[in-house]
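Remarks on the structure that follows.
Number of protein chains: 2
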Amino acid sequence: MTFQTFAHFSYFYQKMPHSNPTIKDIARELKISPSTVSRALKDHPRIGLRTREKVKELALEWNYEPNQLAVSLQNKRTNTIGIILPELAFHFFSKILSGIEQKALKEGYNILITQSGENFEREMEAIGILTRAKVDGFIVSSSKETKSFAHFNNLIKKGFPVVFFDRVAEKFPFVVSNDEKGAEMLVNHFIKRGCKRIAHIAGPKNISNARERLFGYAEALRNNQLKVDQNLIVYTNLDKESNIEATATLLNLPQLPDAIFCYNDYVAYDAATYLQRKGLKIGVDILLGGFANEPVSGYMSPSLTTVEQNALIIGEKTVELLIKMINGESVVGVTVDTQILVRESSGTL
Amino acid sequence: MTFQTFAHFSYFYQKMPHSNPTIKDIARELKISPSTVSRALKDHPRIGLRTREKVKELALEWNYEPNQLAVSLQNKRTNTIGIILPELAFHFFSKILSGIEQKALKEGYNILITQSGENFEREMEAIGILTRAKVDGFIVSSSKETKSFAHFNNLIKKGFPVVFFDRVAEKFPFVVSNDEKGAEMLVNHFIKRGCKRIAHIAGPKNISNARERLFGYAEALRNNQLKVDQNLIVYTNLDKESNIEATATLLNLPQLPDAIFCYNDYVAYDAATYLQRKGLKIGVDILLGGFANEPVSGYMSPSLTTVEQNALIIGEKTVELLIKMINGESVVGVTVDTQILVRESSGTL
DNA sequence: TTGTAGGCGTTATCAG
DNA sequence: CTGATAACGCCTACAA
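Sequence lines, in order, name chains A and B.
Just so we're aligned: the first sequence equals residues 1 to 349 in our numbering.
Just so we're aligned: the second sequence equals residues 1 to 349 in our numbering.
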């Protein structure tokens with residue numbers, strides 16, 4: 001690390017003649033009362049047209065901007081939404097966040113983002129931070145370590161609306177992908193390609209969507225008169241080692257699977273690496289599928305068949321729900337459809 | 001998209017007996033004045049030990065938390081940092097953000113994040129949003145469209161400290177990777193592998209680090225008695241089409257380059273796709289290098305030789321600088337070292 | 001050692 | 001139509 005001396009910036013701190021004017025400043029200048037200014041600024045019906053114009057004009061000229069802190073203190077709402085998610089570096093989450101941000105800004109809300117880093121402690125801290133920041137509500141996707149949701153129930157008890165997405169909790173409003181259907185479609189696709197022994201590397205049971213995907217997997221098998229073989233279902237805690245171990249377990253089976261449906265694309269990537277190291281040709285000897293359409297799935301070789309989730313829409317819906325709750329309306333859980341993305345790893349026709 | 005009816009949540013909004021107690025509540029209960037409570041809570045020296053204890057005890061029991069809005073309104077600082085960056089979905093930026101967040105939280109600051117989406121208009125809007133939110137300072141990486149920095153100068157004039165990272169602007173404090181050195185190392189590596197005609201797909205000239213990388217490229221050539229051939233330097237605006245067009249231009253040269261150093265990994269990925277489609281074997285017929293070590297570079301085939309930037313440190317340093325500025329100290333621009341990551345695309349030994 | 005009063009910038013209520 | 005006044009929750013000079 002090298003350093004480069006930089007000029008002082010203190011000279012930057014000169015004040016402009018009318019920087020940060022307040023309502024009072026405007027009132028004084030116009031020789032009217034602050035409350036009149038306040039009303040004029042928000043087009044209160046019974047303010048004289050002339051005063052209203054004068055006020056707005058000066059406000060514009062002086063570049064007046066209301067002090068949100070004061071407004072919030074008064075109104076008891078900050079128009080800020082607190083977000084807690086596992087990890088921004090996951091492409092899926094960053095896309096959801098884009099959806100959240102767009103919608104939130106459009107609705108006049110700011111967002112305060114925190115990452116749990118898949119860590120339960122940090123998830124708790126995040127709640128504290130956002131609570132102190134007086135956010136109007138929470139949008140949450142829980143960490144993979146989170147098994148109890150008591151901390152979120154506390155939030156509710158304190159009067160905060162909370163909406164979950166992707167990784168949800170019972171009894172909370174949610175927005176999710178149709179994980180079950182997505183899994184089902186993917187497994188159906190394997191079956192159409194002639195697979196008979198389809199394995200599943202499942203995610204941690206405490207993650208809601210892992211349960212859904214497992215369910216969809218089993219459902220597809222049953223609907224096609226294939227029996228659900230517990231030997232073909234293995235679990236990963238999503239660490240690289242765990243992913244590989246799970247894959248190895250499947251490879252050590254007396255009878256090899258002819259396809260593997262992985263909890264998500266990262267798991268699939270690790271599985272692919274291991275399978276290839278063991279000399280198997282993916283898409284030929286064994287088909288592979290993932291979930292989420294992370295960038296990795298397009299870049300890896302062979303490219304990965306996966307399930308695309310509509311992240312932007314999920315993000316937007318989450319905000320919609322939350323704002324409804326903030327406004328005291330009752331809400332409805334939303335499930336967003338998924339599409340299957342067929343690529344090389346599930347065999348070329 | 002399907003919907004699922006969800007229970008009403010209105011029953012959640014019951015208030016607890018002492019939820020959100022204020023300093024006044026505590027004062028009333030203890031029959032002392034609010035100011036005493038305020039002082040006791042912050043260990044003001046000349047408050048009676050007994051009162052101090054009683055106050056703290058009750059504050060704990062009642063779960064008192066100071067209202068940040070009121071505090072901020074009073075102190076004229078929010079302990080919030082505003083972030084503007086091009087795109088969270090870029091892994092590099094999300095990692096930097098992790099660094100920023102960690103450091104900021106440790107220093108008692110919250111962060112308010114906005115994405116410009118590489119869009120100049122949205123960058124301007126972001127400034128407005130963060131200004132109104134009364135952030136204490138800005139951390140910025142400019143959009144690829146940003147050619148004038150007047151809007152940031154305005155910020156300065158209004159008294160806001162601003163630190164740039166990665167994509168910086170003249171006369172502003174900054175934290176950057178050593179882009180020049182990184183590029184130089186990569187090109188040196190090509191030269192050691194025997195390359196004589198090394199091309200560069202450069203980024204937009206208005207992005208600071210694109211200029212630096214170009215400079216490092218030329219520097220390496222000169223230091224190795226290779227002449228800088230303008231035909232071997234092409235530009236991309238970072239769109240997929242532009243990346244491919246730039247690559248095509250190089251391939252149409254009467255004499256092919258034997259290596260291409262790309263502005264970043266995404267460019268390299270598009271270049272690789274195109275080269276392979278044209279029947280060239282990367283790492284054999286032509287060497288390829290990128291910049292930033294995005295996940296794509298590890299997943300693509302062949303894997304990409306690239307330059308690793310220390311994103312976490314960059315993030316932390318940015319916060320350090322900004323906090324210094326907030327506290328009125330003068331600051332020093334920081335350049336963080338890079339490492340070269342040799343992989344398959346630059347030839348196997 | 002503690003209390004009082006005023007203010008941070010805005011809005012809402014109540015008068016006029 | 002407009003103006004006082006009080007209040008949101010906290011802090012701090014000044015007083016006692």
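We put the beta carbon where it would ideally sit given N, CA and C, even for glycine.
Check                                                                                                                           : Outcome
T305 (chain B) - DSSP class collapsed to helix/strand/coil                                                                      : strand
A104 (chain A) in three-state terms, based on DSSP                                                                              : helix
C-alpha distance - T335 (chain B) paired with G182 (chain B), whole-angstrom precision                                          : 12 Å
Supposed contact pair V175 (chain B) and L304 (chain B) - C-beta distance, whole angstroms, cut 8 Å                             : Contact doesn't hold; Cβ gap of about 25 Å is too wide.
Reduced DSSP category for I47 (chain A) - H, G, I as helix; E, B as strand; rest coil                                           : coil
L341 (chain B) - DSSP class collapsed to helix/strand/coil                                                                      : strand
Chain B within 8 Å of R132 (chain A), Cβ atoms only                                                                             : yes
C-alpha distance - A27 (chain A) paired with T146 (chain B), whole-angstrom precision                                           : 38 Å
Alpha-carbon spacing of S208 (chain B) relative to L130 (chain B), whole angstroms                                              : 24 Å
Host alpha helix (DSSP H) of A70 (chain A) (start-end)                                                                          : Q68 to N75
The segment 193-201 of chain A touching the segment 118-135 of chain A, judged by at least three CB pairs closer than 8 Å       : no
Cβ distance (whole Å) where T306 (chain B) is taken to contact A292 (chain B) below 8 Å                                         : 7 Å
Selection of the segment 59-71 of chain A by Cβ proximity to chain B, strictly under 8 Å                                        : E65, P66, N67, Q68, L69 and A70
Contact set between H91 (chain B) and chain A, taken where Cβ atoms lie within less than 7 Å                                    : A89
Contact between the segment 51-60 of chain B and the segment 86-98 of chain B (3+ Cβ pairs under 8 Å)                           : no
Through-space distance from N119 (chain B) to F149 (chain B), alpha-carbon basis                                                : 14 Å
Touch test, the segment 209-220 of chain A against the segment 183-190 of chain A, Cβ-Cβ under 8 Å, three pairs minimum         : yes
Inter-residue Cα distance where the pair is Y64 (chain B) and N327 (chain B)                                                    : 28 Å
is_contact[K15 (chain B), chain A] using C-beta, thresh 8 Å                                                                     : Any reading at K15 (chain B) needs caution, since the residue's pLDDT is 33, under 50, leaving its predicted position unreliable; the model's value is listed next. By this cut-off, K15 (chain B) is an interface position.
Inter-stretch contact (C-beta, 8 Å, three-pair minimum) for the segment 134-141 of chain A and the segment 154-162 of chain A   : yes
Unbroken beta strand (DSSP E) run spanning L85 (chain A), endpoints                                                             : T80 to L85
Close Cβ partners of V168 (chain B) (< 7 Å) along its chain, the five nearest in sequence each way excluded                     : F174, V176 and S208
DSSP bridge partner residues for Q230 (chain A) (one or two, in chain order)                                                    : Beta-bridge pairing links Q230 (chain A) to no other residue.
Residues of its chain near V319 (chain B), where Cβ-Cβ distance is below 6 Å and the 5 sequence neighbours each way are ignored : I100, K103 and A104
Unbroken beta strand (DSSP E) run spanning N110 (chain A), endpoints                                                            : N110 to Q115
Exposed unless 16 or more other CB atoms sit within 10 angstroms - verdict on H189 (chain A)                                    : buried
Beta carbon proximity, S19 (chain A) to chain B, threshold 8 Å                                                                  : yes
Cβ of P34 (chain A) within 8 Å of any chain B Cβ                                                                                : no
Identified DSSP bridge partners for Y266 (chain B)                                                                              : Answer is none; Y266 (chain B) lacks a bridge partner.
Within 8 Å of chain A by C-beta, residues of the segment 263-286 of chain B in sequence order                                   : Y269
Neighbouring residues, chain A, relative to N119 (chain B) (Cβ below 7 Å)                                                       : What N119 (chain B) touches in chain A: nothing, since even the nearest Cβ is about 12 Å away.
Presumed contact (8 Å Cβ cut-off) between G283 (chain A) and T348 (chain A), rounded CB distance                                : 7 Å
Neighbourhood of I96 (chain B) by C-beta, 6 Å cutoff - its chain only, sequence neighbours within 5 removed                     : A311, I314 and G315
Inter-residue Cα distance where the pair is R287 (chain B) and A259 (chain B)                                                   : Note on identity: in this sequence residue 287 (chain B) is Leu, with Arg being the wrong assignment. Taking the straight line joining both Cα atoms gives about 4 Å.
For T146 (chain A), three-class secondary structure by DSSP                                                                     : coil
Within chain B, the residues that K95 (chain A) reaches when beta carbons sit closer than 7 Å                                   : A89
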